[in-house]
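Report on the following structure.
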Amino acid sequence: MKKFRFIILGAGPSGLTLAHSLLDRGVLRSEILVLEKETTAGGLCRSATVDDSPLDIGGGHFLDVKHADVLDFVFRFMPETEWNRHERVSKIHLRGQMVDHPLEANLWQFSKETQVDYLEAIAQAGCVRSDPTPESFATWIRWKFGASIADDYMLPYNQKIWSMDLDLLGTYWLHKLPEVSFRETLKSCLEGRPFGKLPAHGVFLYPKEHGYGEVWRRMADALGDSIAYGISIESVDLGTITINESWRADHIFNSAPWHHWLRWTDIPESVASDIRELRNAGIDVDYVPETFDGQAHWIYEPAQSLAHHRKLLRSNFCPGSCGYWTETNSVRSVSTTGWRHTNPYAYPVNTIGKPERVARILEWAKANQVTGFGRWGTWEHMNSDIAVKSALALGRSVA
Ligand SMILES: Cc1cc2nc3c(=O)[nH]c(=O)nc-3n(C[C@H](O)[C@H](O)[C@H](O)COP(=O)(O)OP(=O)(O)OC[C@H]3O[C@@H](n4cnc5c(N)ncnc54)[C@H](O)[C@@H]3O)c2cc1C
């Protein structure tokens, strides 16, 4: 039996950052153990070499530049000089045309006839007419964007990415979508230019010579044998805080999906039923060796006729590479003989009632000396920069 002050479950960006944050605050290496089920670190941010170039096996991953503390931390392991800075070029493939993302700021790029269709839809949208805010996802999307943008793009795209009944999704997370103003959109169409703020990743960083996984690999290397790989957790005794009858801790930090806990320990039925209700979407990443023309870094594909919902044109952000990869919800994937990586836990799904369920799960966990953090510990659709920011703060708060 080995005893630690902190055991961290998961060596993704959250677990790795938390371990470093604790070390930075004076916790000893011998007091920390990170348990990882895979044989390598990095979680969804891992990369592989495919066709002689890097490929991000969890889907397209780019580092946002908004948070200085996150960049300082990341640059400790991969200096700024090893990253390229890109002005984001992302496209939506719609009505046989490639237009810039976000759609509502770039309607001016369509034919006059399509502009009129979409402008008419926005003019009649519930939010523009100050109708009450709907509570179901599909109705909310129509209320926000108007019928034709919803039916051509937002609903088919969301149907593809979630591959579930969209009305099981809540609307509490949609505040992240931009405001749609009929006046601004009309002005943009008349003047033939975009309007509004750039979305997340307006500028992003991507390694010059590696995939996105390299920085997490280095971060893990720096932790040495504080990480144990290929670990299959069979049991957690919450009375003694002991994992697999081998590792005891004062406290567990969990960044692994809560569903696993149902197998590991006895959980009161009210909490277990909350855990069972948590939904996740799986994503298959497929490599296509042909190089796709155009300048885009990635392309959104709402057409139902294509299984995938996004193409990642790596030749436009990975110097010297060819080919592209696609992201497809695993439910929609068709079998392939090509290179594929399946991520069963890719997206936490924002179902109705999820925030309340997660709050109850975290409360039960806290009472048992377990803290949920990261994408799966909080069931939040956070990007890796936010995973780092939150784990840095968590480390500061406990040590
Ligand atoms: C398609 C897609 C695109 C994305 N694009 C971007 C992007 O462009 N930029 C960006 O910043 N972020 C992006 N993200 C988000 C990013 O992947 C996450 O923010 C980040 O990976 C979260 O880190 P995490 O450590 O919390 O979770 P994860 O990366 O999921 O890591 C969890 C870790 O826990 C381990 N684990 C799971 N179960 C167990 C178990 N039973 N025992 C032990 N260990 C376990 C896993 O193997 C994994 O290593 C994207 C995500 C997806 C799916």
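Positions in the sequence shown are counted from 1; adding 5 to them yields our numbering. Glycine residues also receive a C-beta, built at the ideal position from the N, C-alpha and C atoms. Keep in mind the model is a prediction, meaning the values are calculated, not measured.
Using the three-state DSSP reduction, which class does glutamine 114 fall into: helix, strand or coil?
Here DSSP, grouped into helix, strand and coil, assigns glutamine 114 to helix.
Ligand 2 heavy atom lying under 6 Å from the CB of cysteine 323
Summarising the ligand content, the structure contains ligand 1 and does not contain ligand 2.
Can you confirm whether the region 244-261 touches the region 315-328 when touching is taken to mean that 3 or more C-beta pairs between the two stretches lie within less than 8 Å?
By the criterion of at least three beta-carbon pairs nearer than 8 Å, the region 315-328 is not in contact with the region 244-261.
Residue ranges of each alpha helix (DSSP H) run of no fewer than 4 residues wholly in the region 335-380, ordered along the chain?
Fully enclosed alpha helix (DSSP H) runs of no fewer than 4 residues occupy 359-372 of the region 335-380, in order along the chain.
When you compare only the Cα positions, how much space is there between arginine 315 and threonine 247?
Cα to Cα, the separation comes out at about 42 Å.
For isoleucine 97, which three-state DSSP category applies?
Strand.
With the cut-off set at 7 Å, would you say glutamate 282 and arginine 362 are in Cβ contact?
Yes, the Cβ-Cβ distance between glutamate 282 and arginine 362 is below 7 Å.
At 3 residues or longer, what runs of the beta strand (DSSP E) sit wholly inside the region 171-237?
Those beta strand (DSSP E) runs which fall completely within the region 171-237 and span 3+ residues are 208-212.
Which residue wins for smallest C-alpha separation from glycine 229, given the options Ala16, Lys8, Arg10?
It is Ala16.
Aspartate 74: buried (16+ other C-beta within 10 angstroms of its C-beta) or exposed?
Its Cβ having fewer than 16 others within 10 Å, aspartate 74 is exposed.
Buried or exposed: which applies to serine 240, given that a residue is buried once 16 or more other Cβ atoms fall within 10 Å of its Cβ?
It counts as exposed.
Can you say whether glutamine 114 is buried or exposed, counting buried as having 16 or more other CB atoms within 10 angstroms of its CB?
Residue environment for glutamine 114: buried (at least 16 other C-beta atoms within 10 angstroms of its C-beta).
Indicate whether glycine 287 and serine 340 have their beta-carbon atoms separated by less than 7 Å.
With respect to serine 340, glycine 287 sits apart: the two C-beta atoms are not nearer than 7 Å.
Is it the case that the region 378-394 contacts the region 343-363, given that we only count it when at least three CB pairs across the two stretches are under 8 Å?
Result yes; three or more Cβ-Cβ pairs closer than 8 Å.
Do proline 199 and alanine 110 count as a contact pair if the criterion is CB distance below 7 Å?
Going by C-beta atoms, alanine 110 is nearer than 7 Å to proline 199.
Tell me the DSSP secondary structure of histidine 91 in three-state form.
Strand at histidine 91.
Is it buried or exposed, proline 349, if we count other Cβ atoms within 10 angstroms and call 16 or more buried?
With fewer than 16 other beta carbons inside 10 angstroms of its own, proline 349 counts as exposed.
Under 8 Å, with one C-beta from each stretch per pair, do the region 214-223 and the region 40-49 reach the 3-pair mark?
Because the criterion of three Cβ pairs below 8 Å is met, the region 214-223 and the region 40-49 touch.
Go ahead and pull the three-state DSSP assignment for proline 18.
In the three-state scheme derived from DSSP, where H, G and I count as helix and E and B as strand, proline 18 is classed as helix.
To the nearest whole angstrom, what separates the beta carbons of histidine 180 and tyrosine 305, a pair I think is in contact under 8 Å?
Beta-carbon to beta-carbon, histidine 180 and tyrosine 305 are separated by about 21 Å, too far to satisfy the 8 Å threshold.
One or two residues paired with isoleucine 13 in a DSSP bridge:
In DSSP, isoleucine 13 forms a bridge with Val39, Phe258.
Straight-line Cα distance separating glycine 175 from isoleucine 37:
Their Cα atoms are separated by approximately 38 Å.
Along the chain, where does the alpha helix (DSSP H) that runs through threonine 144 open and close?
Note, threonine 144: alpha helix (DSSP H), 142-150.
Whole-angstrom Cβ separation of leucine 33 and leucine 14, contact assumed at under 8 Å?
With a Cβ gap of about 20 Å, leucine 33 and leucine 14 do not count as contacting.
With 16 as the cutoff for other CB atoms within 10 Å, does glycine 65 come out buried or exposed?
Here glycine 65 is buried: its Cβ has 16 or more other Cβ atoms, across all protein chains shown, within 10 Å.
Excluding sequence positions up to five away, which residues of its chain have a Cβ less than 6 Å from the Cβ of alanine 53?
Shown here for alanine 53: same chain residues with a beta carbon closer than 6 Å to its own, the five before and five after excluded, namely Leu60, Ile62 in chain order.
Could you tell me the alpha carbon to alpha carbon distance between methionine 169 and glutamate 332, rounded to whole angstroms?
The alpha-carbon atoms of methionine 169 and glutamate 332 are separated by roughly 16 Å.
Taking contact to mean 3 or more Cβ pairs, one atom from each stretch, closer than 8 Å, check whether the region 132-144 and the region 93-108 are in contact.
Taking a cut-off of 8 Å on C-beta distances, the region 132-144 does not touch the region 93-108, as fewer than three cross pairs fall below it.
In this structure, how does DSSP classify tryptophan 167 when only helix, strand and coil are distinguished?
Three-state DSSP puts tryptophan 167 in a helix.
Which same chain residues, not among the five before or five after alanine 370, have their C-beta less than 6 Å away from its C-beta?
So the list reads Gly377, once near-sequence residues are dropped.
Using the Cβ count rule (16 or more neighbours within 10 Å means buried), how would you classify threonine 22?
Residue environment: threonine 22 is assigned as buried (16 or more neighbouring CB atoms within 10 Å of its CB, all protein chains considered).
Below 8 Å on the Cβ atoms is my contact criterion, and I expect serine 19 with serine 260 to pass it. Report the Cβ-Cβ distance as a whole number of Å.
The C-beta distance from serine 19 to serine 260 rounds to 4 Å, short enough to fall under 8 Å.
Pull up the CB-CB distance for glycine 379 and alanine 364, whole angstroms please, since I reckon it's below 8 Å.
Not quite, the Cβ-Cβ distance comes to about 16 Å (not below 8 Å), so this is no contact.
Within the same chain, show all residues whose beta-carbon is closer than 7 Å to that of arginine 93, passing over the 5 residues directly before and after it, in chain order.
If we look at arginine 93 and ignore the five residues flanking it on each side, its Cβ neighbours are His206, Gly207, Val208, Phe209, His302.
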